[in-house]
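Residue numbers (the UniProt record's numbering): 1 to 411.
This report refers to the structure that appears directly beneath it.
Here you go:
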């Protein structure tokens, strides 16, 4: 492609390149030759296992390596991956039972919930829910149903650990305006539920009417499950991966499989992306998939991505993050500052148009958990959190810099 992503790909460590190749379900003869060459030339196996865990692809990697029968793959590596896979299998079975229990609890309260990602996605892509790691249950409900959904979830042993957990309804609704989900935790089962009332990622919002009018259902575990329709699901996965700078390879592997199946409309996907002003974000994913997983695309789709300069710039930034993600090494203060700057620049670049970028900047003013814990304000004074938040953020960063410089850490 007509930019330097290929050069950055060549900078990827042999361990990360092997992770990418072993995670793909579609490999050709060239891929197999590359895998053999990488292993023969020497792999840092502890680093490889670390990256496999970080990117949460060990069920896929183990399935492939266990059939490879390569003499240079140590038995202890396969044994470690097997243990991780078996632990994941057990956790998945436990979570699947809880998945059904929570959905039925919401049904009893007549709460309409849509399941995002998770088990339905794993079943659609792999036909086997143990091949895709799920650490939480993501549920989307209408904002008006949040209170009732909270009661249903809490009655099943889940806890929301947050300064506003026991606040007044009016104060909670105010907080909902600038947030998108609650994170619940079951202390005994060690299962997390994310209760969403909007699909909003850094101002790239899926309107609820679009979601509600473009959904479908499927049967899982004897339960009817509401899910996003094909194009909406694909674009949501793209946006989710992009806002997290493709922190985990797992997200690209998901999208790679959807694209290879081809069971969706490219025209409808691009119309949807255009309506949400995220066309460059979609093109970024196309570039990354082509570079990292050799995903095949129609010629006209490649042409659109090649001429999208914003998408190319986003892809280069993301590739640099992917290259460094998961590395086990200590970083200096100067490197931390550089990483923070690059991430903030990336966040800003994801948005197109003045409105999107204004929303991105406004995120700095959204009250954090620490702001809410710092001082308890009444509903009438809640607006002061939007002043406290940026001041506190600047103070915290400045204090860290001064403290570290006093300890003798140079820039």
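Note that the Cβ used here is the ideal one computed from N, Cα and C, for glycine as well.
Note that the structure is predicted; figures quoted are calculated from it, not measured.
Give the DSSP-derived three-state secondary structure of residue i in the structure shown.
i	result
residue 159	strand
residue 133	coil
residue 183	strand
residue 199	strand
residue 188	coil
residue 376	coil
residue 98	helix
residue 114	strand
residue 205	strand
residue 43	coil
residue 383	helix
residue 57	coil
residue 26	coil
residue 241	helix
residue 165	coil
residue 91	helix
residue 422	Residue 422 cannot be examined here, being either before or after the span of the chain that is shown, 1 to 411.
residue 50	helix
residue 210	helix
residue 344	helix
residue 178	coil
residue 263	coil
residue 308	coil
residue 109	coil
residue 37	helix
residue 32	helix
residue 248	coil
residue 12	coil
residue 66	helix
Per DSSP, which residues does residue i bridge with? Please list them.
i	result
residue 218	225
residue 285	Beta-bridge pairing links residue 285 to no other residue.
residue 193	137, 184
Using only the alpha-carbon positions, how far apart do residue i and residue j sit?
i	j	result
residue 109	residue 391	42 Å
residue 16	residue 44	10 Å
residue 197	residue 158	18 Å
residue 151	residue 33	55 Å
residue 346	residue 317	7 Å
residue 383	residue 367	9 Å
residue 207	residue 199	7 Å
residue 378	residue 388	14 Å
residue 124	residue 112	21 Å
residue 249	residue 380	45 Å
residue 183	residue 193	6 Å
residue 292	residue 177	38 Å
residue 28	residue 224	37 Å
residue 92	residue 205	30 Å
residue 228	residue 238	14 Å
residue 296	residue 51	25 Å
residue 131	residue 59	5 Å
Assign residue i to buried or exposed, taking buried as 16 or more other Cβ atoms, counted over all protein chains shown, within 10 Å of its Cβ.
i	result
residue 66	exposed
residue 231	buried
residue 97	exposed
residue 241	buried
residue 222	exposed
residue 303	exposed
residue 188	exposed
residue 209	exposed
residue 283	buried
residue 2	Here the model assigns residue 2 a pLDDT of 49, short of 50, so the residue's position is not dependable, and the following value carries that caveat. Residue 2 should be labelled exposed.
residue 90	exposed
Given 7 Å as the limit, tell me if residue i has its C-beta closer than that to any heavy atom belonging to the ligand FMN.
i	result
residue 231	No copy of the ligand FMN occurs in the structure displayed, which carries no ligand at all.
On the three-pair Cβ rule with 8 Å, is the stretch 207-223 touching the stretch 164-178? no
Could you tell me whether the stretch 257-264 touches the stretch 141-150, using the rule of 3 or more Cβ pairs below 8 Å? no
Please determine if the stretch 74-90 and the stretch 47-63 are in contact, where contact requires at least 3 C-beta pairs separated by less than 8 Å. yes
I'd like to know if the stretch 237-250 and the stretch 312-323 are in contact, where contact means that at least 3 CB-CB pairs between them fall below 8 Å. yes
Would you call the stretch 98-105 and the stretch 67-78 in contact, with 3 or more CB pairs under 8 Å? no
Determine contact between the stretch 130-140 and the stretch 34-42, defined as no fewer than three beta-carbon pairs at a distance below 8 Å. no
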